[in-house]
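Here the sequence shown is numbered in the working numbering, starting from 8 and rising by one per residue.
Below: one structure, written as structure tokens.
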Amino acid sequence: MKEKGSSVVPCLENRQRYIVLAIGTLCIASIASNMTVINFTMICMAPKTNSSELPMSDASVVNLAYDNKQKSIIMWAAAVGTLAAAWPFHWFYQQFGARSVFFFAGAVSTLSTALMPLAAHLHFNFLVIARFFQGVSFGADFAAIGLIVVNWASLKQHGLFISLLSSFSQISVMFTMPVAGELCESSWGWESVYYVHAVLSGVLFSLWWWFYRNNPTKHPKMTEIELEKIHRGKGDVQAHEKAPIAKILTNSVMLAVWLSAFGELMMSQFIVMYGPTFLKEVLGFAVNHTGYFVAVPRALHLAFKIISGVASDRIHFWSEKTKMRIFNTIALMVSGAFFCILGYLPKDQAHLSLIALLVIECSTGFICGGFYKCATLVARQHSHFVLSQIQFIKCLSLFIEPLLVFLICTHNTLEEWRIVFLTHGVLLIVGNIIFCYYATDEPADFTHLPQAPNGEEMTDVPPERRRWLNCLTTCLE
């Protein structure tokens with residue numbers, strides 16, 4: 008391979024992977040933002056009862072003032088779409104790669120988001136259909152994360168890549184909640200929130216199509232130096248290698264990863280879906296303040312996520328296994344404890360509830376150094392399948408979370424919400440205990456990659472010594 012990249016900006020030479028990381032992160036966050044918009048706009052879509060602009064008998068008033076059952080249907084429609092698309096997207100990714108498949112997912116998300124206001128005004132069923140297609144596009148997110156990490160991240164930068172790529176939920180909330188709060192209160196109305204998101208989504212996915220390549224060796228700006236960094240220590244991996252699904256699904260480490268993911272995603276979905284509702288209807292905050300009170304904790308979560316991702320890569324006085332256990336415990340055990348505390352804070356101490364939410368968001372920022380990193384280190388070239396199953400789990404959380412709130416929080420009382428908080432807290436704590444028991448950094452048998460002799464970590468072994476160890480292992484066999 009000849010040296011490329013002579014026309015690259017000097018500061019970006021040998022750093023094309025970081026541009027891919029930035030574009031990929033923003034595109035994944037864009038799909039999540041398009042999904043999140045409805046969670047906020049539902050509290051401002053229906054005209055006020057004292058409005059003089061529309062009569063109370065106007066059909067649009069009834070159409071947009073959704074009850075709890077309709078809100079649950081809207082949430083479930085997206086979950087059904089994601090659930091239906093998760094496995095097909097995995098197959099399409101294996102056949103065609105992430106460039107065209109993820110671009111298609113972005114186009115579906117952009118179009119369905121742009122049509123949401125029209126669908127809402129026409130009929131509730133049209134809104135549900137548009138929401139379904141938003142869910143379809145969301146089914147592509149986690150597998151895209153796996154492919155970007157596997158193809159573009161070096162082994163020593165897994166923590167950084169995972170911390171940013173998996174921050175789509177926080178980035179989307181940080182952008183969507185304040186923007187939705189301001190636009191909903193403006194003269195442009197709630198419809199403008201969807202149009203703004205659709206335009207940004209279209210621009211970002213155009214950048215994705217222009218810059219991303221499925222294989223770094225085929226990127227026009229790639230250099231030999233950067234390519235060696237990306238491939239160092241990864242071993243020989245076949246292109247489009249078929250995932251050993253049965254072995255992955257029965258692997259104890261993967262099952263522990265998915266259980267932790269279920270607890271964390273349930274918690275995350277609660278904050279995204281019902282954070283605005285809890286702050287406004289239970290604690291009594293204003294609509295525009297609600298957007299910021301949800302976005303600020305998410306911003307802190309993102310900051311802690313990036314810091315923990317870099318720290319997970321740079322800390323060398325702990326083994327990878329120890330680091331993953333510590334980071335996962337901070338993320339799940341601490342947040343689980345504060346979820347339990349949150350259920351017992353009185354309504355007249357709303358500021359304490361905000362503090363509890365801040366602690367939960369900051370602590371869960373450490374998750375990228377926990378089960379996410381474990382999944383990529385153990386599954387290696389099959390990480391995209393493992394992470395796509397986390398997407399499947401997220402589908403389940405999209406079903407279960409609305410059902411949990413619908414069945415328990417019938418009157419929006421603090422006592423009802425307490426049961427929801429305790430349920431999340433226990434799930435987080437139990438998931439962490441099981442993960443810490445099974446956590447490891449060694450590649451699984453189904454990867455057919457060599458494991459480090461005597462428990463030594465392959466990710467910390469210099470390339471020359473690693474080649475010698477691999478050769479020695481082969482000779483001994």
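By construction, the Cβ of each residue, glycine as well, lies at the ideal position given by its N, Cα and C atoms.
Only a predicted model underlies this, so the values are computations on that prediction, with no experimental measurement involved.
> Can you tell me whether lysine 76 is buried or exposed, with buried defined as 16 or more other CB within 10 angstroms of its CB?
Replying inline: exposed
> What does a CB cutoff of less than 6 Å around glutamine 276 pick up in its chain, not counting 5 residues either side in sequence?
Replying inline: Ser404 and Glu408
> Closer than 8 Å: is that where the CB of glutamine 276 sits relative to any heavy atom of the ligand ZN?
Replying inline: Questions concerning the ligand ZN fall outside what the structure shown contains, since it holds no ligand whatsoever.
>> Assess contact between the segment 32–49 and the segment 137–155, defined as three or more Cβ pairs (one per stretch) separated by less than 8 Å. Is contact present?
In response: yes
> Can you tell me where the alpha helix (DSSP H) with cysteine 191 in it begins and where it stops?
Replying inline: 175–192
>> One question on the structure: do glycine 372 and leucine 309 come within less than 9 Å of each other, judged by their Cβ atoms?
In response: yes
> Looking at the structure shown, is glycine 377 part of a helix, part of a strand, or coil, going by DSSP?
Replying inline: coil
>> Among Gly377, His130 and Phe109, whose alpha-carbon lies nearest the alpha-carbon of valine 143?
In response: Phe109
> Are the segment 161–181 and the segment 77–85 touching by the rule of at least three beta carbon pairs closer than 8 Å?
Replying inline: no
> By Cβ distance below 6 Å, which residues in the same chain neighbour leucine 414 in space, the five residues on each side in sequence not counted?
Replying inline: none
>> Considering only the alpha carbon of each residue, which of Asp355, Ile436 and Gln398 lies closest to alanine 86?
In response: Gln398
>> I need the DSSP call for glutamate 20, collapsed to helix, strand or coil.
In response: coil
> Would you call the CB atoms of phenylalanine 346 and leucine 435 closer than 9 Å?
Replying inline: yes
>> Assuming isoleucine 255 and phenylalanine 406 are in contact, meaning their beta carbons sit under 8 Å apart, how far apart are those beta carbons, in whole angstroms?
In response: Not a contact, Cβ separation roughly 23 Å.
> From histidine 130 to alanine 121, what does the alpha carbon distance come to, in whole angstroms?
Replying inline: 16 Å
>> Just to confirm my understanding: we take tyrosine 100, look at its own chain, exclude 5 residues before and 5 after, and list those with CB closer than 7 Å. What are they?
In response: Val108, Ala150, Leu154 and His391
>> Spatial neighbours of tyrosine 379 within its chain, please: C-beta separation below 7 Å, excluding the five flanking residues on both sides.
In response: Ile169 and Ser173
> For alanine 338, which of Met274, Tyr444 and Pro251 has the nearest alpha-carbon?
Replying inline: Met274
> When we look at the beta-carbon of asparagine 132 and count the other beta-carbons within 10 Å, is it buried (16 or more) or exposed?
Replying inline: exposed
> Which whole-angstrom value describes the C-beta separation of alanine 123 and tyrosine 201, a residue pair presumed to lie in contact below a C-beta threshold of 8 Å?
Replying inline: Going by the sequence as given, residue 123 is methionine instead of alanine. Between tyrosine 201 and methionine 123 the Cβ distance is about 5 Å, and since that is below 8 Å, they are a contact.
> What is the DSSP secondary structure of leucine 122, reduced to helix, strand or coil?
Replying inline: helix
> Assuming phenylalanine 300 and leucine 352 make a contact with CB atoms under 8 Å, what is their CB distance in whole Å?
Replying inline: Not really, about 15 Å apart at Cβ, beyond 8 Å.
> Skipping 5 residues on each side, what residues in its chain have a beta carbon closer than 7 Å to that of asparagine 461?
Replying inline: A caution first: asparagine 461 carries a pLDDT of 46, below 50, which makes its placement in the model unreliable, though a value can still be read off. Here the set comprises nothing.
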